[in-house]
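FYI, in numbering that gives the first Met the number 0 the residues of the sequence shown are 0 to 739.
This report concerns only the one structure given below.
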Amino acid sequence: MSFVDNIQKMMWRFSRRTLSERCWAVANLPNSRHFVGRDGGFMTFYEIKGAMRLLPDRALPDFTKELMRALGGAAKAEGRLLTFFIERSPDLADTMLAEMDANIKGAVERLGLNTYVPEARRKHLNNKLLARRIVLCVTTTKNALNLNELNSELDALATKTKDLASLLPEMDPSRALKRLLDLHESYIASIEKALSSVAIIRRMSAGEAMQVAGHMIHRSRKPRQYQLLADKYAIRHNPVNSAAGLTAPDIASQLFRTSLNAIDNGTLVQCDDVIHAPLVIQHPPMQHQRLGALLSKIPADVPVRIAVHIDTSSSGVSQTVSRIGSIARTFSVFGGDNRDIANSADYFMRELKQGNAGCRVGFSIDTWNTNIDNARRQRDAIASAVEAWGAANVHYERGDSIDSLLSTLPFFVEASRTLPKHPWLWRDLVQTLPVSLPSSPFATGDLVGRLPDGHPFPIKLGASEQNSFSTLIAAPSGSGKSVFAAALTRSIVLRGGTDDGKLPPVAVIDSGFTQTFLAEVIRSELPDERKHEVMCVTPQNSADTAINPFDLPLGLRKPLSIQRDFLASLLLEMLTPVGSKPEPRLDQFAASLIDAAYAYFADAGMTRYHAGIKVIDDAIAKHGIRVSPRTTFWSLVDAFFAAGDIHAATVAQAYAVPSVALLPRVIAQSSQFRTEWESATFYQQPALEFAAQSLTSIAKQYPGLSNTTRYFWRSARLRVLNLQQCAPGARDAQTAKQSA
């Protein structure tokens with residue numbers, strides 16, 4: 000630091016001692032989300048979730064270009080400060096996990112499950128997760144105005160408040176400079192737009208900003224109530240021209256319940272029963288690395304908060320670099336590193352002249368513990384991690400550790416003036432900023448994943464933030480695909496179901512017993528009168544457990560185009576011999592046969608009703624329907640539907656539609672179909688004969704797909720279809736075809 004910087008630092012330390020004087024923000028601005036600063040400027044806070052994608056190191060150059068292009072002139076603005084607060088601590092995940100547990104417990108009660116959510120689950124997850132929080136503070140100071148504008152604004156402010164006594168130590172929004180507010184609004188709009196192009200960002204309310212700052216100080220899990228100025232705030236004069244008592248206590252006194260005490264020879268700070276161990280990065284890393292790399296080097300059991308202070312003033316960084324270069328050139332005759340410093344300064348100035356934005360950057364760090372020895376140990380661990388992070392150099396504060404601590408907290412941006420700040424090019428700084436850290440768009444979710452750095456990745460199914468939700472799981476056998484799918488199922492079930500207390504509708508098709516086991520566990524926890532809401536089916540390749548692909552939705556006599564295309568593809572696969580390719584027009588033959596089958600069974604070939612099907616027999620008796628030898632299943636479908644018996648109508652329709660086993664009958668008896676294809680040949684055989692023989696063989700080989708459906712889910716809400724018995728592992732081409 001220069002001699003002038005050291006003098007300013009000493010003046011700051013000895014001139015401002017109370018917390019209220021050190022706090023730059025003096026009030027929240029009514030009707031906005033801003034805070035008013037001590038010099039009439041403004042401060043706005045943002046929550047930054049992180050990047051919307053995983054960014055490997057090779058993708059950083061493109062990410063940097065994208066963000067630099069979005070920042071544009073905002074990177075060179077005068078009188079602006081950007082401060083990123085990155086905090087990593089296990090207790091940050093506790094709020095999210097507590098909310099998830101509360102939702103699950105509420106769902107368990109609504110669903111009537113005879114189970115509970117153990118507290119051990121949350122403790123286990125807390126030990127596995129390393130949650131982080133990123134807060135951005137955007138500050139516009141009076142230096143954003145030129146001298147004439149500033150004098151004009153100050154004169155107007157003096158006229159406005161000349162008869163009003165000072166509100167200190169209470170909140171005083173009357174300091175706000177109107178012209179500065181316009182500049183601040185314009186600036187944060189550009190910053191918000193730039194960061195939104197690469198990261199998930201949300202502007203915080205004044206109350207949220209106070210809550211975050213209060214948690215950083217006291218680590219209390221229970222939210223505190225802070226007094227803020229109401230939106231309809233207005234200064235009212237009383238007989239002594241004072242507005243005292245009409246506003247709220249100042250921000251610093253609300254945030255700090257007790258005073259801060261420097262201990263351990265001025266290197267630590269005690270706040271309540273928490274010991275803070277602040278330190279600063281004296282010299283920045285020689286190699287620019289991502290901030291995530293630094294966090295990964297800090298032990299998982301060490302809570303840490305890193306503040307990155309950025310002064311965007313282009314003239315300020317230019318003056319700083321020019322002064323450093325001049326001093327280094329003056330002393331270069333004495334050797335050492337002076338010549339290298341001078342060359343670096345010349346390089347930096349050339350970059351600035353070429354239009355590359357520069358800034359001044361400082362880093363401050365804090366860690367905390369209730370035990371003083373542990374606080375020291377944590378500080379040493381962080382120092383070692385910083386030194387391994389691009390060969391950076393740290394400094395244990397021995398002058399005013401309270402200032403070092405305050406520089407890691409929101410609202411105290413002026414405390415950062417005592418930090419060493421170094422010139423950076425924005426293109427290098429962007430790689431270090433925490434906006435490249437990946438994160439989930441959801442604050443909480445139905446289940447929690449874990450990113451490589453330990454940060455929780457909540458997944459919320461069916462959320463309003465998404466138009467659709469698709470999950471592609473690709474992994475070798477035994478990697479846990481079914482386990483993850485079961486976790487998705489469990490999460491959907493525990494979202495709470497419907498308003499009437501029923502399970503949510505979930506249908507699962509899997510090969511293996513993972514999903515079946517989960518469903519059976521849920522079924523066992525339901526009361527006896529509701530166990531029918533869960534149904535698990537493990538079909539085998541037999542007629543007794545058949546599922547007919549030719550089934551239709553209730554009310555249709557022929558398939559929709561999408562189902563027709565599926566059936567045509569299925570039939571084409573069945574008619575193609577193993578090891579052969581489909582012959583020309585075979586696909587047309589399959590599609591034509593499907594049309595003929597539905598037409599035949601909807602007209603001349605209607606299947607006649609026969610007794611012996613319990614659901615249908617009971618429904619006939621219940622509704623008093625008259626039957627005769629000429630009664631068809633299609634007529635029963637209409638009768639049951641008219642009576643409101645949807646389940647019986649569905650079962651009757653299953654017996655009315657065609658199936659693979661009945662297709663040879665269509666080939667033999669549909670005159671229109673025979674006329675169309677009687678001259679065709681496939682695989683050197685007459686088409687009709689080839690198809691009839693092939694389908695008869697298929698029906699014998701795959702009875703589970705060739706006969707009338709035997710499973711009807713009826714009132715089941717959670718439905719699991721386990722295909723393990725009918726789709727075994729493929730050992731040869733024929734088995735592979737059967738499994739498919």
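The beta carbon of each residue, even a glycine, is placed where N, CA and C say it ideally should be.
Considering only DSSP beta bridges, list what residue i is partnered with.
| i | result |
| --- | --- |
| Y45 | L135 and R202 |
| M534 | R718 |
| V447 | P457 |
| F34 | N27 and M42 |
| S363 | V279 and A306 |
| R607 | T631 |
| Y395 | L278 |
| T544 | Note: T544 sits in no beta bridge, so no partner. |
| N260 | Q269 |
| F681 | Q684 |
| A506 | R718 |
| H217 | H217 is not bridged to any residue. |
| H421 | V360 |
| P702 | None; P702 has no bridge partner. |
Using CA atoms only, rank isn't needed, just tell me which of the options is closest to residue i.
| i | options | result |
| --- | --- | --- |
| V614 | R416, A155 and F632 | F632 |
| K459 | R494, Q652, V665 and L179 | R494 |
| R349 | S321, I364, F362 and T329 | S321 |
| G357 | I309, A92 and M209 | I309 |
| S343 | V385, W423, A380 and R304 | W423 |
| Q700 | D93, V412, R716 and N540 | N540 |
| P503 | G461, A473 and G511 | G461 |
| P440 | G49, S31, C22 and P29 | G49 |
| T417 | D644, F362 and V429 | F362 |
| L53 | Y654, S438, T470 and H622 | S438 |
| M99 | A327, R120 and A208 | R120 |
| H123 | A97, A143, L112 and G105 | A97 |
| K557 | E191, L585, V656 and H646 | V656 |
| G36 | A380, A642 and A24 | A24 |
| D38 | L146, V505, P298 and K141 | K141 |
| I697 | K530, G643, L662 and P685 | L662 |
| K125 | V447, F330 and T674 | For the record, residue 125 in the displayed sequence is Asn; it is not Lys. The shortest C-alpha separation from N125 is found at V447. |
| S295 | G71, Q281, S383 and L351 | S383 |
| T366 | Y346, P526 and V273 | V273 |
| D741 | R584, I593, A598 and P538 | No answer is possible for residue 741: it lies beyond the span of the chain, which begins at 0 and ends at 739. |
| A603 | Q723, R629 and L436 | R629 |
| Y654 | P548, S560 and P89 | P548 |
| M209 | M42, F347, V197 and R607 | M42 |
| P283 | D271, H275, D300 and V307 | V307 |
| I200 | Q652, S435 and H33 | S435 |
| R256 | M215, I190, Q318 and F330 | M215 |
| C270 | A299, I371 and D345 | I371 |
Assuming residue i contacts residue j (C-beta within less than 8 Å), just tell me the rounded distance between them.
| i | j | result |
| --- | --- | --- |
| G500 | R109 | 5 Å |
| M95 | T443 | 5 Å |
| V303 | R87 | 5 Å |
| L290 | H394 | Contact flag wrong, Cβ pair sits at about 19 Å. |
| L293 | V360 | With 8 Å as the limit, L293 and V360 do not qualify as a contact, their Cβ atoms being about 14 Å apart. |
| G453 | L128 | 6 Å |
| I491 | V505 | 5 Å |
| L81 | T407 | Actually they are not in contact, since the Cβ atoms of L81 and T407 sit about 15 Å apart, beyond 8 Å. |
| T470 | L487 | 7 Å |
| K192 | A69 | 7 Å |
| L66 | V197 | 5 Å |
When every heavy atom of the ligand FAD is checked, does at least one fall within less than 7 Å of the C-beta of residue i?
| i | result |
| --- | --- |
| W712 | Summarising the ligand content, the structure contains no ligands, and the ligand FAD is consequently not present. |
Can you check the region 70-101 for any beta strand (DSSP E) of at least 3 residues that lies completely inside it and give the ranges in chain order? 79-87
Stretch pair the region 589-597 + the region 555-571: three plus CB contacts closer than 8 Å: yes
For the structure I just gave you, are there three or more beta carbon pairs, one from the region 172-187 and one from the region 132-150, closer than 8 Å? yes
Decide yes or no for the touch test of the region 633-642 against the region 666-685: beta carbon pairs closer than 8 Å, at least 3 of them. no
Any contact between the region 211-227 and the region 62-81? By contact I mean 3 or more CB pairs, one from each, below 8 Å. no
Segment contact, 8 Å Cβ cut-off, at least three pairs: the region 382-390 with the region 251-260: no
Start-end ranges of the alpha helix (DSSP H) lying completely within the region 466-503, minimum 4 residues: 480-492
Is there contact between the region 478-491 and the region 688-698, where contact requires at least three CB pairs shorter than 8 Å? no
Minimum length 4: unbroken alpha helix (DSSP H) runs contained in the region 572-627: 585-600 and 613-622
At a cut of 8 Å, does the region 710-723 reach the region 528-535 through at least three beta carbon pairs? yes
Could you tell me whether the region 539-553 touches the region 574-581, where touching means 3 or more Cβ pairs closer than 8 Å? no
Could you tell me which whole alpha helix (DSSP H) segments of length 4 or greater appear in the region 646-671? 662-668
Quick one: any contact between the region 403-416 and the region 17-24, if contact means 3 or more CB pairs under 8 Å? yes
I want to know whether the region 673-681 touches the region 622-632 - three or more CB-CB distances under 8 Å. no
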